[in-house]
Every structure is written in structure tokens, then in C-alpha cells.
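Counting in the working numbering, the sequence shown runs from -19 upward without gaps.
Just so you know, even glycine gets a beta-carbon here, dropped at the ideal spot from N, CA and C.
Fair warning: this is a prediction, and the values are worked out from it, not measured in the lab.
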Amino acid sequence: MSDGLINAPTSVIFGGVAVTGIAAALVGARRDLDDRTAPMAGLVAAFIFAVQMINFPILPGVSGHLLGGALAAILVGPWVGALCVSIVLTVQALIFADGGLTALGANITNMALIGTAAGFLAALALRRFATRGRFGLAATAFTAAFLGTVTASLGFVLEFAIGGDAAFSLGGVTGTMVGLHALIGIGEGVITALTVTAVAASRPDLVYLLRGTAKPLELRTSPLERAS
-19 MSDGLINAPT SVIFGGVAVT GIAAALVGAR RDLDDRTAPM AGLVAAFIFA
31 VQMINFPILP GVSGHLLGGA LAAILVGPWV GALCVSIVLT VQALIFADGG
81 LTALGANITN MALIGTAAGF LAALALRRFA TRGRFGLAAT AFTAAFLGTV
131 TASLGFVLEF AIGGDAAFSL GGVTGTMVGL HALIGIGEGV ITALTVTAVA
181 ASRPDLVYLL RGTAKPLELR TSPLERAS
């Protein structure tokens, strides 16, 4: 979101929501970070930052980019994942002017908090399926990323409903946002699935979603691959 899409009071409200969410994530992240996971968190943040700079076409004249919430949550957990995306959004806004400064709280709320939470909850619901093999993990990652992207767009709809330009129909804004982000979610899902399965193929112990699951090394090959 750029500056001016929502009014100042709404920006302040969701700035407070973002600060509260980040504070909660900092507390939760203290339980998840250690000497092994801290470098992974740094790599995840750097990867999301790099991939967010690349847009992919979804319709003529319309492009999208990775949000990264579900990807971060699956790899390093929801708390650390929310911090990773928040850091990326803050750096982009402050240094690259990508996203408005007054809208930073809303952007963090939508992409780092709502998107990450929705993606992780979807992945957690499909966790048993994710441990069955590479295909199951890829399908889980794709679904989590898709749902996280669409849910994040609903955060914008809520913010626009509270403090957006009344000249625009809320129904039209909702339909446009959900429709476009459903298309973006497909690209997000593909990138997330490829990245998560690549990490799991070599180091399944570094995938947060797979912690505590039985025989995580079975994810290195699918049942068809093992049969052959």
C-alpha cells in the first residue's frame, strides 16, 4: 500500500496493531530462535526481500510479487516469520520507498501478521498430509501460501472500509482485491512450494512445520521415487 489509500486515523490505528503484533512476535520468537535457527531466519528474510523485488505478470498490465508470510512461517515458524516479513517491509519502505511510510503499519498488519498467521494455520491444519512425502509437503505449502495471500488482501479491505475513499464501492474493492490476489496466490503458492520442498529435501530438520514429526527424512523422496 502507498500513502493516501487510507486516512490518517486509520493509519494510526493499524500502526498500533502492527506494533502490538511485532511485540507479541518478539516474545514468541525468543522461544524459537537458537544458534541453529537464527541463521535460517536471516536467510529467509534475505530471500523474501530479494524475491519481493521481482514482479510476475498475472493479467495484462497487472503484476504481483511474493508476500512471503506462509513461506516464512513454514520454514521458521509464525513468530519469527512475522518478524522476517516486518523487517523486509520496513527496509523496503525506508530505503527503497516501496510502500508508503504512513501505510507501513497497515502493510505490516496485512502481510506480516495476517498473511503469516493465515498461512501458518493452514499449513498446521495440513501438517499430517505434509509429512507423507514431497508431494504432500508441496501441496501443503501451495495451499498455505494461496490462503495466506487471499486473507492478507482482506486486511486491506477492512482498512479501506474503515478509512478509505467513500467514492469507491466497498463491494467493488473487495471483488478486485480478492480476485487479483487469488491470481497472485497461485504464483505465491508455486514459489513457496518449490522453496520449501528444496529446503526439506536437503535439511528437513530446518523446516519448522516438520519439527517433531515422525521420520522427517522420508520427505527426501516421494513414494513413487522410492518404488523406482
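Phe148 is classed as exposed because its beta carbon has fewer than 16 other beta carbons within 10 Å across all chains shown.
Beta-carbon to beta-carbon, Val179 and Leu186 are separated by about 6 Å, close enough to satisfy the 8 Å threshold. Counting only runs that start and end inside the region 82 to 138, the alpha helix (DSSP H) elements of at least 4 residues fall at 84 to 87, 95 to 105, 107 to 110. Taking each of Thr82, Val(-3), Thr154 in turn and checking the Cα distance to Ala(-12), the smallest one comes out for Thr82. Secondary structure at Met157: helix, using DSSP grouped into helix, strand and coil. Only exposed fits Val71, as fewer than 16 other CB atoms lie within 10 angstroms of its CB. Around the Cβ of Leu189, a 10 Å sphere holds 16 or more other Cβ atoms; the residue is buried.
In this structure, the beta-carbon distance from Ile88 to Ala25 does not fall below 8 Å. Straight-line spacing of the CA atoms in Ile2 and Ile166 works out to 27 Å. Of the residues assessed, Ser(-9) falls on the buried side of the cut-off, its CB having 16 or more other CB atoms within 10 angstroms. Counting along the chain, the unbroken alpha helix (DSSP H) around Gly1 starts and ends at -12 to 12.
In the DSSP assignment, Val187 falls outside any alpha helix (DSSP H) and carries neither an H nor an E.
Taken through DSSP and simplified to helix, strand or coil, Leu(-15) comes out as coil.
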